[in-house]
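Notes follow the structure.
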Amino acid sequence: MQSRTVGVLAASGAMIAVGTGVTVSWELTDYPFLGAQSVRYAFASVLLLGALLVLRRPIPRPTSRDWPWLVGVALTGLVLFNLAVIRAVEQAEPAAVAVIIGAVPLVLLLAE
1060 MQSRTVGVLA ASGAMIAVGT GVTVSWELTD YPFLGAQSVR YAFASVLLLG
1110 ALLVLRRPIP RPTSRDWPWL VGVALTGLVL FNLAVIRAVE QAEPAAVAVI
1160 IGAVPLVLLL AE
């Protein structure tokens, strides 16, 4: 498969996952935030590890230079983003929040 096709498929899959994640976030509004995030990321970690094992790829080991970046991405891109999504679906319909989040890559592309 060509790399462009793989990229398009991966990007499409990521957008579908984010859209469904917003809809599922509606169910998490009454659940303790940190507990919900722990379960979600533990499940994702198991899936990622399973994919690496099936593909027979080595598990990447972060270097000491990678850790500050990983912590920064984890805090801003994962924890704060998901907190914002859960708080947003408390105030608005999950579909409206999903449309806004789904439109961000298009808006960024057009703004470029």
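Taking the numbering used here, the leading residue of the sequence shown gets 1060, the next gets one more, and so forth. Every residue gets a Cβ at the ideal spot worked out from N, C-alpha and C, and that includes glycine. Please read all numbers here as calculations on a predicted model, not as lab measurements.
Item                                                                       : Value
Cα-Cα separation between Ser-1123 and Gly-1131, rounded to whole angstroms : 14 Å
Val-1156 beta carbon less than 8 Å from that of Ala-1147                   : yes
Which of helix, strand or coil DSSP assigns to Ala-1151                    : coil
Where the alpha helix (DSSP H) through Ser-1097 begins and ends            : 1092 to 1113
Euclidean distance between Cα positions of Ala-1069 and Val-1077           : 12 Å
Three-way DSSP call (helix, strand, coil) for Thr-1064 in this model       : helix
Within 8 Å, strictly: CB atoms of Thr-1079 and Pro-1153                    : no
Beta-carbon gap between Leu-1134 and Pro-1121 smaller than 8 Å             : no
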